[in-house]
Amino acid sequence: MSLETRVSISEAEQLVKEAFLRNGVKETVAESVSKALVAAEAEGQVGHGFSRVKDYIAQVKSKKINVDAEIKIEHPKPTSISIDADYGFAYPALDQAITKGALTAKEYGSAIVSIFNSHHCGALSVQVEKIAKQGLIGVMMANTPKAIAPWGGKDPFFGTNPIAFAVPRIANDPLVIDLSLSKVARGKIMHAKKVNTEIPEGWALDSSGEPTTDPDQALKGSMLPIGEAKGSALALMVEILAATFSGGRPSNEASSFLDPDGDPPGVGQFLMFIDPGRDNGSFYNRLEKLLINIEEIEGVRLPGNRRKNDIQKSRDLGLLVPSDFIDP
């Protein structure tokens, strides 16, 4: 199939699913993974989309990803849920987290879900939007293999440790915020390496601590945090919630999401679910007033607007599917 083949979102999901099925992944798991990857691709997060298929399949073959994972769920407290992903794909565990977390939040007003023994969880925006579409405020954090040096250092220690937030709106799509704590998502550098292009200066340092535009050297070095010391502090916060609290492996000990060799990464994820409450009509009115006031400022747009445009474009025009993941 040509690199220029354009297919609908549903067709892309089926093609990705079939690629995993051919490599021994169970149908329910393959479906969960394919939906997440295609959703990321559709919103422009190419580093978490089709580019991951070959890497995932290589890890399935090497058994770094446990295709026979048995997800275990515990409720240590009524509003607290702990999920053991059993070193399998993160997405089936996230499906369970969102289903059970939403039910708990609707009953008690809020819920916290932690996931451990997990893997790469893709675009967090995809997950928090699911929470918001159930009428809940969603927050998610995840730790990743080391990529960012603590501020003042040159050797990577923290992951890019993304944070995402989504809030439902009246008569509008949810407001979704998704950000990596590195200046750009590591997936963008991985994508630049795969397509053999340079990265802008200011994204990363090489292994000697010098600025680099070479994506290969950047991946061997460290990412620069957003907000300098403040970004490094936020990465520590995510590390504590997503790994230390959940029981996941810390970033400085987690193996690569890309390399098929080595132990499973075993990282963690942390999710919060908040019900706006009985008086949610007032909440939504205040929210809309806030967002309208922001949009009325000249030159300002709400976070996530570009993402919404990319999703609509993907729905209208479909997605370009690369041949190398259809028959890995």
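Using our numbering, read the sequence shown as starting at 338 and increasing by one per residue. Where a beta carbon is used, it is the ideal one built from N, C-alpha and C, also for glycine.
- Put simply, of Lys391, Lys409, Gly603 the residue whose alpha carbon is nearest the alpha carbon of Lys437 is Lys409.
- The three-state reading of DSSP puts Glu411 in strand, counting E and B together.
- Of the residues assessed, Lys354 falls on the buried side of the cut-off, its CB having 16 or more other CB atoms within 10 angstroms.
- For a cut-off of 8 Å, the C-beta gap from Pro587 to Gln396 is around 20 Å, too long to register as a contact.
- An exposed status is given to Gln649, since fewer than 16 other beta-carbon atoms sit within 10 Å of its beta-carbon.
- For Ser369, the three-state secondary structure derived from DSSP is helix.
- Distance from the CA of Ala486 to the CA of Val465, rounded to the nearest whole angstrom, comes to 27 Å.
- Contact fails between the segment 609-629 and the segment 355-362, because fewer than three Cβ pairs, one in each stretch, are under 8 Å apart.
- In the three-state scheme derived from DSSP, where H, G and I count as helix and E and B as strand, Arg652 is classed as helix.
- Within the segment 582-647, the alpha helix (DSSP H) runs of at least 4 residues that lie entirely inside it are, in chain order, 617-632.
- Selection Phe607, Asp551, Pro613 evaluated against Asp421 yields Phe607 as nearest (Cα-Cα).
- In the structure shown, Ala572 adopts helical secondary structure according to DSSP, grouped into three states.
- The Cβ-Cβ distance between Asn498 and Leu518 falls below 7 Å.
- Straight-line spacing of the CA atoms in Ala570 and Gly496 works out to 12 Å.
- DSSP places Gly475 in the uninterrupted beta strand (DSSP E) bounded by 474-479.
- A Cβ-Cβ contact shorter than 7 Å links Ser451 with Ser419.
- As DSSP reads the structure, Ile449 sits in a beta bridge with Ser417, Met609.
- Taking each of Ala373, Leu656, Val344 in turn and checking the Cα distance to Gly459, the smallest one comes out for Ala373.
- Between the segment 467-478 and the segment 519-538, the count of C-beta pairs closer than 8 Å stays below three; the two stretches do not touch.
- Asn617 has its alpha-carbon roughly 43 Å from the corresponding atom of Pro493.
- Asp515 carries a strand assignment under DSSP once its states are collapsed to helix, strand and coil.
- When only Cα atoms are considered, Ser559 and Trp488 end up about 11 Å apart.
- Non-local beta-carbon contacts of Gly446 in its own chain, meaning distances under 6 Å to residues more than five positions away in sequence, involve Asp612 in chain order.
- Looking at Ile449, Lys443, Ala349, Pro552, the one whose alpha-carbon comes closest to that of Ala434 is Ile449.
- Out of Ala367, Val362, Val370, Glu380, the CA that lies nearest to the CA of Leu654 is found in Glu380.
- The beta carbon of Ala430 sits closer than 7 Å to those of Ile408, Ile420, Ala422, Ile452, Ser455, all from its chain and outside the five residues before and after it, given in chain order.
- Boundaries of the beta strand (DSSP E) harbouring Ile500: 500-506, taken from the DSSP string.
- Arg623 and Gly568 have their C-alpha atoms roughly 30 Å apart.
- Here Ala501 is near Asp515, since their CB atoms are less than 7 Å apart.
- The alpha-carbon of His457 is positioned some 36 Å away from that of Arg615.
- For Gly524, the enclosing alpha helix (DSSP H) covers residues 523-531.
- Glu576 is classed as buried because its beta carbon has at least 16 other beta carbons within 10 Å across all chains shown.
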